[in-house]
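Engineer:
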Amino acid sequence: MNQRRGLWWRGALGGVLAALAGLAVGSVVAAVVGTPQTPVVAIGSAFIDRVPPWLKDLAISWFGTHDKTALRIGILLVIAVLAAVGGILSVRRYWAGALITIALSGAAVAAAYTRADSGQTGFLPSMLAGVTALLVLRLFSRRLEPLLASSIDRHGPDDAVSRRGFLQLSAGVALGSAAIAVLGKVVGGNRAAVADARKQLKLPQPPSLAPPAGVQADGAVPWGTANADFYRIDTALSVPQIVPADWKLRIHGMVDRELNLNFDDLLKRQVIHKWVTLTCVSNEVGGDLIGNALWSGVVLKDLLQEAGPSKDADAIKSTSKDGFTAGTPLPTLLDDRQAMLAFAMNGEPLPVEHGFPVRIVVPGLYGYVSATKWLVDIEVTRFDQFEGYWTPRGWSALGPIKLSSRIDTPQNKKVTPGPVTVAGVAWDQHVGVSKVEVRVDGGPWQQATLAADPSVDTWRQWHWTWNAPHGTHLLQVRAFDAQGNPQVESSAPPAPNGATGLHTVSVKVG
Ligand SMILES: Nc1nc2c(c(=O)[nH]1)N[C@H]1C(S)=C(S)[C@@H](COP(=O)(O)O)O[C@H]1N2
Ligand SMILES: [Mo]
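Take the sequence shown: its position 137, counted from the start at 1, is 137 in this note's numbering, and no numbers get skipped.
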């Protein structure tokens, strides 16, 4: 009789430890894939979404602002009880206990699946948590088999060995789960806190998110690039996580007075909203490392002038939280182009991968010499005093964007003979594009129609109607800058300061 009860307790303990191991793995997986949907959060969110209002009110009146903590504890208790029952059942029949684990993790997977904010990987933590719990439960039921056998047909000496084995397994699983949970915290950093702070943030809104009239050419990519589609380039293996409340910027070096700003200080200043096309120096001819967004932020010129740069200074060295640095010519920050400290992109707080909470945007310069994300420090200095991150790695210290053009359509597909729309983008930020021409099979250049542009700091779209004959043909595009200079036609690779050459597309007509 006593022995039976001992078995039950051990089964229950095994079940609870299996669940804990699963939850620990779930939290680490959530941290690694960057989803907030740990198994408990998934179940809790689904619960919050479905709970009747009177129960929600009751919970708030009981627990106040701790209602979320109360919910978490409640969910953990329910999981613990079910896991204990599963553990007891699995002493005799592993599958009986396993079914409870499958049902629980299945519910969490389903809950994660139905959440709008869970993304494509939201179900992974709950699924791997379930698999882990199943495996650990199996280990426990194996360990308890000899004890079960001896409770039915006793043979003394083995019991002590089996009990010790069970104890060792329990200790191992408990310690392992704790270690994994700690790992999850380290890997995740304060990712959830940052995601939450980003969601709560209220920022000055641009008057309109819509592109200005007439900028879109039929057949070209969307003139305004959605945040989710915006190219991302950086050296950050794990994206820096900064809550706005902790953000500080120091502007120092060759200045009359050092400036120290926090996020609230920044928001108190005059805010501007401006469409700027960002480009990466690594963009190949015809490539897509370019995007156009409506940025909101504070003009850097005002801040720099307040600090009072020395006459001998010719650069700023901007540094990110993770140690990336960019060297930017001071004149590009003090002229009228409105280089800015941006905190919003297309009306939303910067996405974390795009520099949350504050980055630099300088019209006309490649990102590697200007667009520092997760900005924390600006030193006013001289180019002969430092090198930016990419300079010793084979890229030029200066990186003005080169006049370029790209064909967006037709691309890699067959078209039918007759009128065909040829369209794309051309850019020369802070200089401007005045003309775009297209040619077929090396023939005469033909003038394309330009769409509008709100300023010289964005790309400019164009289109041209081609009366396409049968066969395979080569289309090429070239742009002219605001002064009428054509783009460089000879091919050069991206290193050290930007690719040149004509974008050429082969099209099958037939
Ligand atoms: N902190 C940090 N900022 C950075 C970089 C980086 O590696 N680290 N890369 C730069 C480069 S090379 C480019 S092209 C732009 C890209 O910005 P995006 O990822 O928002 O498109 O960010 C710039 N800012
Ligand atoms: Mo870049």
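Ideal placement from N, C-alpha and C gives every residue a C-beta, glycine not left out.
(1) On a Cα-Cα basis, can you pick out the residue from ALA228, LYS311 and ASP335 that is closest to ARG382?
(2) Looking at ALA179 and ligand 1, is the gap between the Cβ and the nearest heavy atom below 7 Å?
(3) How many angstroms separate the CA atom of SER490 from the CA atom of GLN446?
(4) Hey, how far is the Cα of ASP246 from the Cα of PRO240?
(5) By a C-beta neighbour count over all protein chains shown, 10 Å radius and 16 as the cutoff for buried, is ALA179 buried or exposed?
(6) Heavy atom of ligand 1 less than 7 Å from the Cβ of THR372, yes or no?
(7) Evaluate PRO52 with the Cβ neighbour count: other Cβ atoms within 10 Å of its Cβ, from every protein chain shown; 16 or more gives buried, anything less gives exposed.
(8) Given ASN260, which residues of its chain have a CB within under 7 Å of its CB, disregarding the five upstream and five downstream residues?
(9) So, with DSSP's three-state summary, where would you put GLY44?
(10) CA-CA distance, ALA228 and LEU289?
(11) Return the residue from the list LYS301, ASN497, PHE230 and VAL271 that minimises the CA-CA distance to GLY332.
(12) Does the beta-carbon of LYS185 have 16 or more other beta-carbons within 10 angstroms, so that it is buried, or is it exposed?
(13) Since MET340 sits in a beta bridge, which residues does DSSP pair it with?
(14) Is the Cβ-Cβ distance between SER90 and ALA129 less than 8 Å?
(15) Touch check for the segment 13-23 and the segment 131-141: three-plus C-beta pairs under 8 Å?
(16) Is it buried or exposed, GLY14, if we count other Cβ atoms within 10 angstroms and call 16 or more buried?
(17) Would you mind working out which of GLY347, TYR368, THR458 and LYS414 sits nearest LEU523, comparing C-alpha positions?
(18) Determine contact between the segment 406-417 and the segment 384-396, defined as no fewer than three beta-carbon pairs at a distance below 8 Å.
(19) Suppose the cutoff is 8 Å on Cβ atoms and the five residues either side in sequence are ignored; what does the same chain contact list for GLY394 look like?
(20) For GLY323 and GLY74, what's the separation of their Cα atoms in angstroms?
(21) Using only the alpha-carbon positions, how far apart do ALA326 and ALA342 sit?
(22) Consider the C-beta atom of ARG406 and the heavy atoms of ligand 1; say whether any pair is separated by less than 7 Å.
(23) Under the assumption that ASP428 contacts VAL215 (Cβ atoms under 8 Å), give the Cβ distance between them as a whole number of angstroms.
(24) Roughly how many whole angstroms lie between the Cα atoms of ALA492 and THR372?
(25) Do you know how far the Cα of PRO244 is from the Cα of LEU334?
Structural biologist: Taking the definition as stated:
(1) LYS311
(2) no
(3) 20 Å
(4) 13 Å
(5) exposed
(6) THR372 Cβ: within cutoff of ligand 1.
(7) exposed
(8) LYS248 and ARG250
(9) Helix, per DSSP.
(10) C-alpha separation (whole angstroms): 14 Å.
(11) Note on identity: in this sequence residue 332 is Thr, with Gly being the wrong assignment. The shortest C-alpha separation from THR332 is found at LYS301.
(12) exposed
(13) VAL299 and VAL361
(14) Between SER90 and ALA129, the C-beta spacing is not below 8 Å.
(15) yes
(16) buried
(17) Look at the range of the chain in this structure, 1 to 510, and you will see that residue 523 is not part of it.
(18) no
(19) ALA495 and PRO496
(20) 42 Å
(21) 16 Å
(22) no
(23) 16 Å between Cβ atoms; not a contact.
(24) 26 Å
(25) 26 Å
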